[in-house]
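Residue numbers (the working numbering): 2 to 119. Virtual Cβ for every residue (Gly too), placed ideally from N, Cα, C.
(1) Suppose you measure from the CA of residue 54 to the CA of residue 19; what does that come to, to the nearest Å?
(2) For residue 59, is the classification buried or exposed, using 16 other Cβ atoms within 10 angstroms of its Cβ as the cut-off for buried?
(3) Using only the alpha-carbon positions, how far apart do residue 70 and residue 98 sit?
(4) Keeping to the same chain, check which residues put their C-beta closer than 8 Å to that of residue 128; ignore five residues upstream and five downstream.
(5) Let's test the definition: count the other Cβ atoms within 10 Å of the Cβ of residue 52 and tell me whether it reaches 16, buried, or not, exposed.
(6) Do residue 23 and residue 33 count as a contact pair if the criterion is CB distance below 8 Å?
(7) Could you give the uninterrupted runs of the alpha helix (DSSP H) lying entirely in the segment 13-89, keeping only those of 4 residues or more?
(8) How is the alpha helix (DSSP H) around residue 98 delimited, first residue to last?
(9) DSSP three-state call for residue 7: helix, strand or coil?
(10) Can at least three beta-carbon pairs, one atom from the segment 73-82 and one from the segment 100-110, be found at a separation below 8 Å?
(11) Tell me, to the nearest whole angstrom, how far the beta carbon of residue 62 is from that of residue 7; I am working on the premise that it is less than 8 Å.
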């Protein structure tokens, strides 16, 4: 299997076609695993450069995580503060403090780089 840098859209499409059959195999040889690992790293690097994905809005990320975990406003009492404070943050009339960001990161697992955009 030939591994080469991905510099063009054509290289990118060829790399995608090369790894696609490996995703459907139940077991892979060591060589196939190595090829898959290196090629997917190259694909991810190319995609990060040419198809960047913006970080989500911090408030939307908090709401999304709340929905995922079945949390309500009252559940953020020890993280952001009382419900009125949570509503202020959600309405963007009060910014997230560094302390709030630390708690949101540690208790809800929201990435710090997302929260720091606030």
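To lay it out plainly:
(1) 24 Å
(2) buried
(3) 23 Å
(4) Residue 128 lies beyond the range of the chain shown here (2 to 119); nothing can be said about it.
(5) exposed
(6) yes
(7) 31-51, 59-70
(8) Unbroken run through residue 98: none, as it is neither H nor E.
(9) coil
(10) yes
(11) Not a contact, Cβ separation roughly 30 Å.
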